[in-house]
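Chemist: There's a structure below that I have some questions on.
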Amino acid sequence: MRLIKTLYTFCLFATWLNSVSAQVSYQRIANSADEPNNWLTYNGSYMSQRHSLLDQIDKTNIDNLELKWVLQNQVFGAWQSNPIVVDGIMYITERPNSVMAVDALTGRVFWKFEHTPDERARVCCGANNRGVAILNDKLYMGTLDARLIALDRVNGKLLWNAEVGDVGLAYSVTMAPLAVKDKILVGVGGGELGIRGYVAAYDANTGREVWKTFTIPGPGELNHDSWEGDDWKHGGAPVWITGSYDVSQNLTFWGVGNPGPDWNAGQRPGDNLYSDSVIALDADTGKLEWYFQFTPNDGYDYDAVQVPVLADIEWNGSSKKVMMWANRNGYFYVLDRVSGECLLGKAYVRVNWSSGLDENCRPIPTPQPEGMPTYPGNQGATNWYPPSYSPRTGLFYFSAWEDYATIYFSEEQEYEPGRAFLGGGFSVLAPAPDAPTIGIGRTNPINNWTDEVGHASLKAMNPNTGEEVWEFEQFDVSDSGMLTTASDLLITGGREGYFHVLDARNGALLYYRNLGGQIVMAPVTFMTNGKQYISIISGNSLFTYGLKD
Amino acid sequence: VAPDLSDIGMTRTAANLQLNLLDPAAAILPINRPIRIVTLNEETIVGRRLNEDTYTVQVMDSNERLRSLVKAQLVSYEISDQPSKVATTLNSDEVAHVIAYLLTLTGRGNKL
C-alpha cells in the first residue's frame, strides 16, 4: 500500500513538473534563440528579427518541399494573423476575435475561443487581428472593441477580460500583445477616428492596468507644445503594431501612427509629437526614455507603425545597439537604440514630399502643388508588414512599394467623438482616367495594371550604408512580411498569392508556389518531431509545408 | 481584339470618352494596350493582356485564343503605350453625338 501511495505521489509530482516546464516563462521568451523549434512571439523574438536558427530546409532540398496540411478560415476577409508555435501547438487568431489551438503536425484544431466584439466597435481598415501573445500558462488577445483577453492556453477558457479603451470613442486593439516579465503590453488603434493614442501594460495574472503612456503628451508634459489648442485631445497617434523589447536596457520600442485629422496638416500646426515616431518606454513603468520622429506634422498618413527591428551590428569599427527601420515615408533609418540618435537615413524609393533629411534626419519638406502626385502614396513605401534581419547576411529585408503615388486634398473637419476624422482624402495616381488603381488589399483575381500604378520590390538593405544590395520585384504590390533562416533562405509572399523562397544572400529565386489568395502576414517556421515546417497564410487558408518524408 | 463596349456608358464619364476620341494615347486603359510576345520556340503572339503576375501573363491573342504564358519562357514581352487607333477626324458636333450614343450603352440592352 505504501508503495502504491509513493508511486501515486511521484506521478502527481511528475505531472506537475511537466506542466511547469511546459509553461512559457518570460525567461523562455527572452532566450527564444535557445529553442528555435518554437515561434514564441509575433516576431519570433523580442528583437523582432524574424530570423530562425532552423536550417533543415535549405537550398539543396528546397525542391522537396511539399504541402503537409491546410487549415481553412471560416471567416471572410484579409487574414493578417501571425501564428505562434509552442511545443507542437500552434495558436492562431481569426477575424474578428477568435483564437484557435491547432496541432502543428496535422492542422487539426483542439479548441476555438470566440469573442464577439461590442457592436459599437469601429475600425478604419478591416476587422483585423494580428495574433496572440503567450506567457506562462495563458494566451492574450486584444480585441476590436478595445479589450484585452486572457485565456487558459490548455483549454481555451476565458480567464479575464479587461478594458483597454473606450469602444464608444472608437478605440480598438488589432495588434498581437507583447508579454514582458509579468505584464502584457498593448497599444490602441483609431488613428482615423480621433483617438488619443497610448501604450498600456496590464498585470498578466489579473488584467489590472499597471501603467499607461500616452503618445500625445498632455498639458504640462514635455513636448505638449508641439500641438496647438485642443488638437492634442483627438490627435490620433495610435499604436497598432507589436513593439520590440531590449532585455539589456529593459526598454520597449513602439512605432506610433499618424496624427489626425490625417490629411489636413494645416489644421493641427506643430510637429504633433509623438505621432509618426518611435518611442522607447521603460518596460516596468512606461516612462518615456527617448523618441525619434520620422515625419513631423504629417499630412500624408505616413504612420510609423513598422516593427522596430533590433540588432547589435558593427558600426564604424565597434559593436553598436541599433534599430533598423524602413519607414512608410520612403526613408530607411538606422537609429542608436540606446540614445535614439539617428545614425543614417536614406530614401529607398522615389520620394518627393521631402527633398532629403538634415543632419539630424529631420525631413526637409517639399509639399507638392495641389492636384500633383506625392511619392510615396498614401499606403506608403512600406507599411505594417514585418521585416526581417539576418545576422548571417547582415542584411535587412522588407516589402516596398515602388512607383506608387497619390494626389491628396485637404479640408477642414470638426472632430466628432467616435467618427471618422480625416480632414480630406486622396486618389491614387493612375495612368489614364478611370483606370483601376491600387487599394487596401486585393479582392479581384484580375490584375493587368499595377505595373503602371505601383509594384512590389522586396529589398535587401545594407544597414551600414543604407544602400540596396539586391531587390526582387513583383508585378503587384505586396503586404507580406519576411522570414529568414539559418540556411540563408528568405521566405515571403505577396498579393498575388505566391509563396516565394529566395536566396537571402543574392535574391536568387529558389522556389515558388501559387497558393491562390493574397498573403498579408509574415511566414513562420518551427520544428516538431525533429522536422522543420513553414507556415504561411494565403487568402482564407493557412498552409504548412515541410520536406517530403 | 477590340475591347467590349457594351457597358461603356456605365464605366466612363463623358469627359473620359471625349479624351479617348480626341487623344487616345492619353486615355488608353492598361487592359487595352497592345502587346507583342516572342516565345522561346520563336512564336510571336500579338494581342491583349488580360491578366498578369510576377511569373505569368494571360492574353487573348489576335485569333481570340486564350493563352497563358510563363515569363521565364519568353524571349521578349512588349507592352505598347501607343493605342491601336488614331485621334478621331470627326468634327465637334459628331464627337458629341458619338459620346451621347456611347453613354447609352449600359450593359442592360440598347436604350435606343
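If you read the protein sequences in the order shown, they are chains A and B.
Here the first sequence stands for residues 142 to 690, where the numbers follow this note's numbering.
Here the second sequence stands for residues 10 to 121, where the numbers follow this note's numbering.
Cβ atoms here follow ideal geometry from the backbone N, Cα and C, with glycine treated the same way.
Since the structure is predicted, the reported quantities are computational estimates derived from the model, not experimental observations.
1. Of all Cβ atoms in chain A, is any one closer than 8 angstroms to the Cβ of Tyr86 of chain B?
2. For a contact meaning CB atoms closer than 8 angstroms, what does Trp352 of chain A contact in chain B?
3. Along the stretch 34-54 of chain B, where does the CB come closer than 8 angstroms to a CB of chain A? Name the residues.
4. With distances taken from CA atoms, which of B:Leu99, B:Thr63, B:Arg45, B:Glu73 is nearest Leu30 of chain B?
5. From the DSSP output, in three-state form, read off Val104 of chain B for me.
6. If I'm right that Asn468 of chain A touches Gln434 of chain A with Cβ under 8 angstroms, what's the distance once you round it to whole angstroms?
7. Does the beta-carbon distance from Ile44 of chain B to Ile17 of chain B come in below 8 angstroms?
8. If I'm right that Pro358 of chain A touches Gly377 of chain A with Cβ under 8 angstroms, what's the distance once you round it to whole angstroms?
9. On the premise that Val165 of chain A lies in contact with Val226 of chain A, defined as a C-beta separation below 8 angstroms, what is that separation, rounded to the nearest angstrom?
10. Pairs of beta-carbons, one from the stretch 358-370 of chain A and one from the stretch 292-300 of chain A, closer than 8 angstroms: are there three or more?
11. Using beta carbons (cut-off 8 angstroms, strictly below), is Gln615 of chain A in contact with chain B?
12. For Ile587 of chain A, decide whether its Cβ has a neighbour in chain B, counting only Cβ atoms nearer than 8 angstroms.
13. Taking the runs of the beta strand (DSSP E) that are 3 residues or longer, which of them lie wholly in the stretch 436-504 of chain A?
14. Which whole-angstrom value is the C-beta distance of Asn438 of chain A and Asp403 of chain A, which I expect to be below 8 angstroms?
15. So with Cβ pairs under 8 angstroms, would you call Trp590 of chain A a contact of chain B?
16. Determine whether the Cβ of Asp62 of chain B lies closer than 8 angstroms to any Cβ atom of chain A.
17. Is there a Cβ from chain B that is less than 8 angstroms from the Cβ of Glu557 of chain A?
18. Under 6 angstroms Cβ to Cβ from Phe251 of chain A, same chain only, skipping five residues before and after it: list those, please.
19. To the nearest angstrom, how far is the alpha carbon of Gln509 of chain A from that of Ala576 of chain A?
20. Please report how far the alpha carbon of Asp477 of chain A lies from the alpha carbon of Asn178 of chain A, in whole angstroms.
21. Mapping DSSP to helix, strand and coil, what is Ser186 of chain A?
22. State whether the stretch 560-580 of chain A contacts the stretch 499-506 of chain A, with contact taken as three or more CB pairs (one from each stretch) at a distance under 8 angstroms.
23. Quick one: give me the first and last residue of the alpha helix (DSSP H) that Met19 of chain B is part of.
24. Rounded to whole angstroms, what's the CA-CA distance from Ala424 of chain A to Thr393 of chain A? Just pull it up for me.
25. Of the residues A:Met188, A:Tyr183, A:Ala163, which one's Cα is nearest the Cα of Asn172 of chain A?
26. Quick check on this structure: which residue in B:Glu103, B:Val104, B:Ile54, B:Asn50 has the alpha carbon closest to the alpha carbon of Tyr86 of chain B?
27. Given that Thr113 of chain B touches chain A, what residues does it touch there, using C-beta distances under 8 angstroms?
28. My guess is that Glu543 of chain A and Val490 of chain A are in contact by the Cβ rule of under 8 angstroms, so how many angstroms apart are they, rounded?
29. Beta-carbon of Leu637 of chain A versus every beta-carbon of chain B: anything under 8 angstroms?
30. Between Glu593 of chain A and chain B, is the shortest Cβ-Cβ distance under 8 angstroms, so that the two count as touching?
31. Using a threshold of 8 angstroms, state whether the C-beta atoms of Leu195 of chain A and Ala627 of chain A are closer than that.
32. Determine whether the Cβ of Asp690 of chain A lies closer than 8 angstroms to any Cβ atom of chain B.
33. Below 6 angstroms CB to CB, which residues in the same chain sit around Tyr312 of chain A once its five sequence neighbours on both sides are set aside?
34. Near Met69 of chain B, what residues of its chain come up, given a Cβ to Cβ distance below 8 angstroms and the 5 sequence neighbours on each side ignored?
35. Taking 8 angstroms as the threshold, find out whether the stretch 593-607 of chain A comes into contact with the stretch 526-543 of chain A through three or more Cβ pairs.
36. Between the stretch 69-83 of chain B and chain A, which residues of the former have a C-beta closer than 8 angstroms to a C-beta of the latter?
Modeler: Result, derived from the coordinates:
1. no
2. Under the 8 angstroms cutoff, chain B gives no residues; its nearest Cβ is about 46 angstroms from Trp352 of chain A.
3. Ala35, Ala36, Ile37, Leu38, Pro39, Ile40
4. B:Leu99
5. helix
6. Asn468 of chain A to Gln434 of chain A, Cβ: 11 angstroms. No contact.
7. no
8. Actually they are not in contact, since the Cβ atoms of Pro358 of chain A and Gly377 of chain A sit about 14 angstroms apart, beyond 8 angstroms.
9. About 11 angstroms separates the two Cβ atoms, so there is no contact after all.
10. no
11. yes
12. yes
13. 450-456, 459-467, 472-477, 483-488, 495-498
14. Going by Cβ atoms, the distance from Asn438 of chain A to Asp403 of chain A rounds to 12 angstroms, so no, they are not a contact pair.
15. yes
16. yes
17. no
18. Ala242
19. 23 angstroms
20. 31 angstroms
21. coil
22. no
23. 17-20
24. 6 angstroms
25. A:Met188
26. B:Ile54
27. Simply none; closest approach about 18 angstroms.
28. 6 angstroms
29. The question names Leu, but residue 637 of chain A in the sequence shown is Glu. So yes, Glu637 of chain A belongs to the interface.
30. yes
31. yes
32. no
33. Ala287, Gly306, Val329, Gly331, Ile336
34. Val10, Gly56, Arg57, Leu59, Leu75, Arg76
35. yes
36. none
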